[in-house]
Amino acid sequence: MVAHPRAPARPHRLRSLREPRPVAVEADGEGRPVSVTLSGRRLRVVAVQDAWRIDDEWWRERPVSRVYFSVALEDGRVITVYSDLATAGWWRQDC
Amino acid sequence: MRTACVFIPHFAIAVELLDRPDGRPDGRGRPAVIGGGQGRGKAVLDCSPEAEAQGVRRGMPLRQALALCPKAVFLDPDPARYQDAFEAVLRALEGISPLVEAAELGHAYVGVDGLEGLHRDEMALGDALVQACLPDRQAVRLAHGQGRPAGSLLPSVGLGEGKFVAWAAAVTSAPGEACVVPAGRESAFLSPLDVSLLPCSPDTLRRLELLGLRTIGDLAALPLGAVQAQFGPEGRRLWELAHGLDREPLRPRRHEESASERLTFPEPTVSTGALLTAGRQLLSRLFRRPALRGRAVRQMRLRAALSDGRSWERTVTFREATADRDQMLYVLRCTLEAALPSRPVEEVELTLSGLTEETGKQEGLFAEKGRRLAQLEEALRQLKARFGQSPVYHVVEVEPWSRIPERRLALIDYDP
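Protein sequences, first through last, are from chains A and B.
Residue numbering for the first sequence is 401 to 495, as defined by our numbering.
Residue numbering for the second sequence is 65 to 480, as defined by our numbering.
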């Protein structure tokens with residue numbers, strides 16, 4: 401039997417890598433991050449290095465609609481966060 | 065390449081009959097079958113033409129041979145004796161040409177290019193090959209036209225272009241005679257011969273016969289494309305052979321350095337321990353030799369002379385050359401435990417061959433990786449025993465094409 405090509409890729413005994421984690425992000429009026437709170441410490445975003453949008457799996461019950469930002473923080477770290485347009489939350493993810 | 069084929073049919077049987085003046089295994093003209101022996105499976109190794117006429121074939125189970133030919137004399141194999149006899153034949157042939165290929169017991173090919181000046185013609189060369197295979201006394205008798213001596217290694221010799229033509233010429237000529245196929249006459253010679261002479265699988269032979277192809281000429285008359293369409297690459301080869309085109313090269317045997325030691329037991333023994341002790345002693349003796357100092361071996365052959373006058377033989381080829389006596393003894397023990405000689409052993413002979421130049425061990429390119437993997441797996445087993453489950457995972461690609469990062473890769477339990 402052929403697996404449904406659009407079925408969620410969550411096989412038993414598999415654990416996804418790069419699972420997104422919730423993160424506290426403060427955004428400006430245009431939805432661009434201005435600060436990120438990591439380990440209880442609020443860090444200012446000094447630069448948004450890149451931004452891109454992913455709209456996928458629109459045929460599923462929970463479509464994916466995200467706006468990603470690669471941001472440089474004031475402590476020198478560069479992380480990737482995204483705004484989930486479906487749930488209106490912010491997530492951090494290793495890409 | 066001009067090639068000669070020297071063919072002694074039923075070689076093992078011929079060797080068995082060598083010492084019997086009447087040429088019969090029991091003096092009453094009963095068919096003979098050689099087979100059995102421990103650890104080799106109970107199969108027919110060789111049989112006399114009389115047994116063959118009753119349906120006995122090589123490789124057939126002995127039980128089936130007994131059913132087909134109940135009056136046959138069944139003999140235990142004496143492999144060392146057959147090998148020694150064939151070695152003597154090969155050495156004699158090497159006296160005529162240095163290019164000698166041992167195909168199987170009683171079947172050899174000789175490269176004869178460049179020998180024209182040494183013999184009157186190819187027929188004389190063929191006769192010389194026949195004579196070379198015979199012990200002196202029998203050769204004289206044959207030369208004086210006294211017919212085939214009872215119990216002899218009388219070969220048929222075929223001469224032609226390539227191995228197949230030479231072989232076909234040998235098997236179709238009478239024992240003690242030579243058949244020469246002149247260059248350019250291969251197709252005409254092969255044409256009337258039975259198609260079963262072609263080296264093909266039984267299934268292919270059956271299909272050839274179903275197609276009504278009885279002779280090699282029938283096959284040769286067909287277009288190559290048609291034969292190839294029916295039989296694929298094998299068909300092409302058969303068609304070429306049917307036209308006398310044989311591209312298979314002669315592979316002359318190489319003379320490898322070897323060393324042997326022998327030990328005679330005070331009393332015939334069947335004890336594995338005694339045989340292993342003898343093996344240890346023989347190995348010590350061999351490695352004490354200056355010629356073997358600092359060298360490793362690739363092959364070890366153990367021969368035993370049994371109390372009934374027959375022989376037992378096993379050859380072990382090591383995966384890599386070794387000079388480790390403990391390893392060799394371990395292999396020897398395994399060999400003996402798998403197939404102990406069927407009769408008490410009077411004498412053992414150990415031969416080491418494939419001698420290397422140095423004992424320096426060449427590691428394989430990926431051997432280190434394999435060793436480290438084994439160590440890693442052992443460490444993981446320990447972790448699993450400690451934590452109840454493996455805390456280590458493999459990374460596997462799930463949807464590497466996905467734009468969504470968490471879809472691309474996943475972890476799966478690493479469970480060695």
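Using N, Cα and C, we set each Cβ at its ideal position, and we do this for glycine too.
Straight-line Cα distance separating V423(A) from R442(A): 11 Å
Let me see if you follow: with CB-CB separation under 7 Å, is P455(B) close to chain A or not? no
Are the Cβ atoms of L356(B) and A323(B) separated by less than 7 Å? yes
Quick one: Cα of E116(B) to Cα of T420(B), how far? 44 Å
Which residue marks the beginning of the beta strand (DSSP E) containing E300(B), and which one marks its end? At residue 300(B) the sequence reads Arg, which differs from the Glu that was named. Element bounds for R300(B): not the beta strand (DSSP E) but the alpha helix (DSSP H), 288-306.
Of the residues V164(B), G99(B), V456(B), which one's Cα is nearest the Cα of I488(B)? It is not possible to answer for residue 488(B), since the shown part of chain B is limited to 65 through 480.
Taking a contact to mean a Cβ-Cβ separation below 7 Å, would you say T399(B) touches R383(B) in this structure? no
Anything in the segment 459-470 of chain B with a Cβ closer than 9 Å to a Cβ of chain A? List those residues in chain order, please. V459, V460, V462, E463, S466, R467, I468, P469, E470
Listing by chain order, which chain B residues have their CB less than 8 Å from the CB of S483(A)? What S483(A) touches in chain B: nothing, since even the nearest Cβ is about 15 Å away.
Is W458(A) near the ligand MG, judged by its Cβ being under 6 Å from some heavy atom? Inclusion of the ligand MG in the displayed structure is not the case, the ligand content being empty and no account of it being possible.
Which bits of chain A does A474(B) rub up against, with CB to CB less than 7 Å? L414, R415, S416, L417
Collapsed DSSP secondary structure at P332(B) in the structure displayed: strand
Amino acids of chain E, ordered along the chain, whose beta-carbon sits closer than 7 Å to that of V464(A): Given the protein chain composition of this structure (A and B), no chain E is represented.
Proximal chain B residues relative to Q449(A), where beta-carbon distance stays under 8 Å: Residues of chain B passing the Cβ test: none, with the nearest at roughly 17 Å.
Where V97(B) falls: helix, strand or coil (DSSP): strand
Which chain B residues sit within Cβ distance under 9 Å of P420(A)? P469, E470
Output yes or no for whether 7 Å exceeds the beta carbon distance between L501(A) and L440(B). Since the first residue shown for chain A is 401 and the last is 495, residue 501(A) is missing from the structure and cannot be characterised.
With 16 other CB atoms within 10 Å as the buried threshold, where does Q391(B) fall? exposed
Where I454(A) meets chain B, residues with beta-carbon distance less than 7 Å: R467, I468
Mind checking W490(A): buried by the 16 CB within 10 Å criterion, or exposed? buried
If distances are taken between C-alpha atoms only, which option among D310(B), F253(B), V245(B), L286(B) comes closest to R263(B)? Looking at the sequence itself, residue 263(B) is Pro, so the reference to Arg does not match. If we check each option's Cα against that of P263(B), D310(B) comes out closest.
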